[in-house]
Amino acid sequence: MKAPVSWIRELVDLPADVTTEVLTDRLTALGLKLEAIHSADITGPLVIGRVLTQDKEPQKNGKVINWCTVDVGDANGTGEPQGIVCGAHNFGPGDLVVVVLPGGVLPGGFEISARKTYGHLSAGMICSARELGLGDDHDGIIVLPPDAGEPGDDVFELLGLDDEVIEFEINPDRAYALSLRGVAREAALGFGAPFTDPAERSLPEVDGRAWQVEVEDPAGCPVFAARLVSGFDPTRPTPDFMKRRVEQAGMRSISLAVDITNYVMLELGQPIHGYDADKVAGALRVRRAREGEKLTTLDDAVRDLSTEDLVIADDSGPIGLAGVMGGATTEMSDTTTRVLVEAAHWDAVSMFRTGKRHKLTSEAGKRNERGVDPLLPGAAADRVVELMVEHGGATAEPGFTLVGTAPERPTISFEPDLPARLSGIDISAVTTVESLRAIGAAVTESGDGSLEVVPPTWRPDVNDPYDLVEEVVRIVGYDQVPSVLPRRATGRGLTRAQRLRRRIGRTLAGAGCVEVVSFPFVGEATFDRLGLPADDPLRSTVGLANPLSSEEPSYTTTLLPGLLEAAGRNVSRGAPGVSLFETGTVAFPSENGPAPIYGVHTRPSDAELEKLLEALPVQPLHLAVVLAGERSRAGWWGEGADAGWTDALAVVRRLADELGVRIQVANAARMPWHPGRCAVVSIDEVVIGHAGELHPSVCKAFGLPARSAAVEVDLDALMAAAVDVTPGPVFSTMPVAKEDVALVVDASVTVAEVEAALREGAGELLESVRLFDVYTGEQIGEGRKSLAFALRFRAPDRTLTDAEISAARDAAVAAAVERVGAVQRT
Amino acid sequence: MSGPNTDYDPVEVAAVSPAEVEAARDAALAAIAAAADLEQLKAVRSEHAGDRSPLALANREIGALPPQARKEAGQRVGQARGAVNKALAARQVELEAENEARILVEEAVDVTLPTDRDPVGARHPLTTGSELIADIFVAMGWEVAEGPVIEAEWLNFDALNLGPDHPARTMQDTFWTEPADNHVVLRTHTSPVQARTMLTRTPPIYVVCPGRVFRTDEYDATHSPMFHQVEGLAIDEGISMAHLKGTLDHFATQMFGEGITTRFRPSYFPFTEPSAEVDLVCFVCRGSQVNDEGETCRTCRGEGWIEWGGCGIVNPRVLQACGVDSSRYSGFAFGMGIDRTLMFRHGLEDLRTLFEGDVRFTTAFGSEL
Ligand SMILES: [Zn+2]
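Line by line, the protein sequences give chains H and P. Counting in our numbering, the first sequence tops out at residue 826, every number present. Counting in our numbering, the second sequence tops out at residue 1369, every number present.
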C-alpha cells in the first residue's frame, strides 16, 4: 500500500512537527511496517517566474524558439530578469511559469546549468509537467493561475512536489490499512490526533430506485449498493490532484470514470465497479454462476465459470466476476455518459476462492478477499457520484438502491486483565478499556468486572479475546514488553538419535569427509544416470504435483544423486579429489493415503492421528558418502592414493566401530556400483546399505574420476543397532604368542569365510586373526590364491606353552582345511 | 714374559719405575684428550688401557718385584691406571654427547615442508549452526523436537489455524505431493513439529524444532526452494510475551554476543495472537551507523536492526486443535531462518553457497560453529 503523506494529513490532523520519519516510525510500531519512502526526485531552485518578454526566433532547421526574459524575483541572487531559451509556445508574456534555475536537478539526474544555445546564454529552464515528473501527457509548459504567487516563490508545495509517498507492508489481517481511511485512522491512533472519517457522509434515503438489484445469495453478498449518474462527460480529463494520487498509490490513470472509482477505493478501501448503464440489460442479479457459463473479463480473458463463483448478471447473463473483475460487455468507454455505480460487500472466502480459481489478482480482489468494512458500500457509491458530478459534469440521478444489511459484529466477553497476563506488561483495566475504544470498539462493562466488546466494522480480523489483546498491547507499545526468562523448563537433554547423529557427523569429518546439503529433487533422468534398472524400487517415488522443474518432479529415494553432483562440481572446479557425505531423509510412497483433514475445534483422537501418520510417506534417514579422485595426497613423502572401493568400506567399518555395531559385508551386484566391487552391508542379516566402487558408467555420467567410490546406508537402522552402554573390555596382560599361517584356497572362497573357519578352529585362546597378505601367481596355480594370516594367541591367566600354541594353530588350520578346502602353504 | 719365579730382571723392573709409570700415564691421558671421536677413543683405549698397554704390562711386572717394593709399585701403577680409566670414561661420555648432538643436528628437517597428506573433513555449517542453536536451548532446559519433512496438510496448515481459505496459505507457496488430493505437502515451516509435540505431550512443553522446509521459490542469491528454520514453543501456566522476549534476548545474546537484544513489532501470523516481528540489534554496527550517510552498514543497511523472525503468543485456536487446555495454559512460539541467520552472522553473500557442496566453503567452518 502506497499512501501520499498529503492525503494522510488531509484525513488526520497531525501536529506540524510530525515528520514523515516520525510518522512512519510510529506506524511501524503500531504494525504498519514501513517498506519505503518515495519522494519527488527534484532538487531546487524551482520557482515561480513571470514572463516579461518573449521573442520568437526562427531557426535554420525550421524550428521557432522563444528567447524569453523572466522575472524570478530574488531567486537568482541578482533580481535581474533571467534569460531563458524555450521551445514551447503555449505561453506568453505576463504568464506565471515554473522556472528551474542553474544548480537545480530534475528527475533522472538531469542537472541544469547556464549554457549557450541558439546564440543566447540560456540560464535555466521553463518547465513542463513531464519534465517535473508530474505526468506524461502534458507537453506544454505549466502555466500557473495568476494568483499562484509572486515571482521567486518556491513551487515545491504548490505543485505537490514536496509530497512524500509512504509504502507500507500490510499484513493480511490488516485489510483496512489498504486504504487512506485505514492508514489515517492508525496515524490518528498513534498520535492521538483528530481523525476525519471520509466515509461519514449523509446519504439519501434508500428507495431502491437507482437500479433494480436482486441478491439471490445474501451470504455471498450481504450488502449491495447502486447509484446512477447521467450526463457524464467522458472527454473530460482527470483532475491533476486525482491523477497524481492514483499514480502515487501505484495505479495507472486510465480515464476520469475509472480513476474516480479507483480514487474512492484508495480513499475508503471499498472496491467500486462502474458499468456503462446503457449496456446493462435489465435488473442486476447477484448469484452463483451456472454450469457452463462463460465470462469475458476486463482483461479480455474468457473465463469458464465455476458454480462456486459469485457473479453479477443481467438479462444477458453474467456481466461481472463479483468483487474480483468486471466484464467486457458493460465496460465503461470513452462514450459512456450514464454510469451505474456498484459498491458491494462480499464474502471474503468466496472472493479468495474465485481469485485463486481464476488466478486473478486485482486491487479489488485483494481488498475483498481480506475483508472490507460492510458499512462502506452506500458511502462509497455516494462519494463516486459526488466526484462524477464535480469533475465529470454528471448529474446524480435520484434513487439509492441498498440491498441487505451489514453482518453483525460479534460481542466478545473479555477479562480486562488478559492483556496484562499475556503481555507481561503492567496494563490497567482502564488502559485496556481506553485502548479498545481508541480502535473503535464499543466497550461495556458488565457487572462481574468483565467487559463486553464489540469490535468495529472495519476490523473483521478482530474476533477473539486474544485479538483484542493484540490491539491493547500494540497501543501500549510492544517496546514495553519486559524481558523475563521462563523458569520451569526441565528438559531431558538431547535424544539418543540426536546424540548419535552428532557422533556420526564428527566421525565422518574425522575420516576426512566434508558434509554437503543438497536438494532432494530427482527425476527419471537422475535414475537413468545412476543406471538403475527400469523396475528398481528406488524409481518409485513420492511425486510432486507442482515441481519447480519438470525434469525433477519427485522427492528422492536416494541421497547419491545430489552427492555425486556436488562431487562432480568440485572436480570440475579443479579439486584433485573430494570426499563428501550427506545425511538426510529420503521418501518412499505410502499406500495409506490420502491423509485425512480433521476439524480444528477439538484434538483428533489417537486412532485418527495414527491414521494420519500412516498416510505419510516412509521417510528413513540415510547416509551417503562419495569418495572421488585423490584420497591421500602425493607429496615429497612419496605417492598418494586415489579413492577406491576399500575406502568406501573403510568408512562404513569406521562408523560401525564407532557405534559398536557388528556389520557383515558380502559381495553384491547393484547399480550404481561396479558389479564386482560392491558390498552389501548387513546387521544380523538385515541389509542396511551398500558400499564400493561406482560403476564406470556412473563415474562418467557425473564427471567423476574412474574408480570413485560410494556408500549409502539406512542410518536409522545403523543407529538402532548402536550400543548404548559399552561393556568394559576384558583383556589379558599375559605374553602374546604370534603365529602366521598361509593358506591356499580356491579363488572364489572369501577371506571372511577363511577367517571364520580359523576363528572357530582356533578356539578360546585366539585373541585376534588378521589377514596380512594375499598372493596369486604361478606357484599357487590357476584359480587359486594364497592368504596369509597373523594369529595371536593369549591366555587370560598364564603363559601359553609351545605345545598349547601349536595345538591351537593346527586346530585353526584344520578347520580351514575342512570348511573351505584350504591347503596350508609351507 | 716375566713370572714370579724368574729372576729379578732390572730392565723389566724399570717398567714400574715412577718415571716410566708417570710417562705411560701422561701419554695415555694425552691420547685420550686428543681422541676426536668415539672411534679414536676406542683405539686409544686399546693402546693405553688394553692388555698390551704399558700400564697393563707394568701391572704384571709388580709380581716380580721384591715384596717390599710391591706395595709401593702397586699403588703407583694402580693410581695411574685409575686416572687413565677415569679419563677414558669421562671422554667417552663427552664424545657420546657430542655424537648425539651431532646426529640431532644432522637429522634436522625443514618444518615448513607440507604435511597435508590426509584429507580434511568438515561438517556443514547448517548442521553445526542448528546444533549451536539447539545447545543454547538445551542449556536452558528445553528439548529438541523433530518431525518428517513430508507432512500431512492438516498438521502443516489446519492445526495451525491456517484453514483451507486462509489468505496466508497462498503466501506460502507450497509443494504438494501427488496426487494433489492426497493432502500431503513438503512442510512449509517447522511448525507442524510444534503441533505434533502438543498433540503427543502434556505441558509444560519447552521445545525447539530446527529443520528443513520447502517453498516453491525460484533459486537465487537470497531465495531457495529448500531452506532451514528453527522454531521454538513454550507451553506452560502463566506464559506471557515477557517470557518470549526474555527467551529471544537470551538466544540473541548467546548467538551474537553481549548486548545484542531484540525488538518486537506488531505483525500477523495465523499461529500466534498477538504476533510480532523480531528484529535484532545489528551486531556489526550496533546501530552506530543509523542515518549515517557517509558510512552505511552493509549488514543492516543503516537501519540498526536486522529482521530476524516472527513470534507471538500461541493462538488459543491452535491449542484447541492440538488438545491443550487453553484456559489453563498459554504459550509462546517463535521462528527464524537458520540459513538467513548464518548468512548475516558469517557475512555470506549468496545463499547458494550453502547448497553447492563446494568443499572450500564447508571446510572453512570446521566441525563446530
Ligand atoms: Zn549495522
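Think of the CB as a built atom: it goes at the ideal place given N, C-alpha and C, for glycine as much as any other residue.
Chain H within 7 Å of residue i, Cβ atoms only
i                  : result
Met1001 of chain P : Here Met1001 of chain P scores only 43 on pLDDT, less than 50, and its place in the model is too uncertain to base an answer on.
His1124 of chain P : yes
Asn1182 of chain P : yes
Met1241 of chain P : yes
Phe1175 of chain P : yes
Met1226 of chain P : yes
Tyr1329 of chain P : no
Ala1221 of chain P : no
Met1343 of chain P : no
Pro1210 of chain P : no
Pro1119 of chain P : yes
Met1255 of chain P : no
Trp1308 of chain P : no
DSSP-derived helix/strand/coil call for residue i
i                  : result
Thr1197 of chain P : helix
Ala643 of chain H  : coil
Arg287 of chain H  : strand
Gly192 of chain H  : coil
Lys248 of chain H  : Looking at the sequence provided, one finds Gln at residue 248 of chain H rather than Lys. It is helical.
Tyr275 of chain H  : strand
Lys359 of chain H  : coil
Ala679 of chain H  : strand
Ala807 of chain H  : helix
Asn570 of chain H  : helix
Gln824 of chain H  : strand
Trp67 of chain H   : strand
Glu1258 of chain P : coil
Cys1311 of chain P : strand
Proximity test, Cβ basis, 7 Å: residue i and chain P
i                 : result
Asp25 of chain H  : no
Thr329 of chain H : no
Asn546 of chain H : yes
Ser632 of chain H : yes
Ser39 of chain H  : no
Phe588 of chain H : no
Cys699 of chain H : no
Gly104 of chain H : no
Thr20 of chain H  : no
Pro486 of chain H : yes
Asn835 of chain H : Within the shown structure, residues of chain H are numbered from 1 to 826, placing residue 835 of chain H beyond reach of any answer.
Leu704 of chain H : no
Phe527 of chain H : no
**Study point:** Nearest-residue set for ligand 1, Cβ under 5 Å from any heavy atom
**Key:** Any residue whose Cβ sits closer than 5 Å to a heavy atom of ligand 1 makes the list: P:Cys1282, P:Val1284, P:Cys1285, P:Cys1297, P:Thr1299 and P:Cys1300.
Practice item. May I ask you to verify whether the segment 1123-1135 of chain P touches the segment 1184-1204 of chain P, counting CB pairs closer than 8 Å and requiring at least 3? Key: No, the segment 1123-1135 of chain P is not in contact with the segment 1184-1204 of chain P.
Check your understanding: Between the segment 297-311 of chain H and the segment 267-283 of chain H, do three or more beta carbon pairs fall short of 8 Å?
Key -> No, because fewer than three Cβ pairs between the segment 297-311 of chain H and the segment 267-283 of chain H fall closer than 8 Å, the two stretches do not touch.
Point to revise | contact_flag[the segment 717-736 of chain H, the segment 648-668 of chain H] where n(CB pairs < 8 Å) is 3 or more | key: Result yes; three or more Cβ-Cβ pairs closer than 8 Å.
Review point. Is the segment 1298-1313 of chain P touching the segment 1279-1287 of chain P in the sense that three or more CB pairs, one from each, lie closer than 8 Å?
Key: Counting Cβ pairs under 8 Å, three or more are found: they touch.
Review point. Does the segment 252-266 of chain H come close enough to the segment 395-407 of chain H to have 3 or more Cβ pairs within less than 8 Å?
Key: Contact between the segment 252-266 of chain H and the segment 395-407 of chain H is absent: fewer than 3 CB-CB pairs across the two stretches fall below 8 Å.
Review point. Does the segment 452-466 of chain H come within contact of the segment 423-442 of chain H, defined as at least 3 CB pairs closer than 8 Å?
Key: Contact annotation: the segment 452-466 of chain H touches the segment 423-442 of chain H, with at least three C-beta pairs closer than 8 Å.
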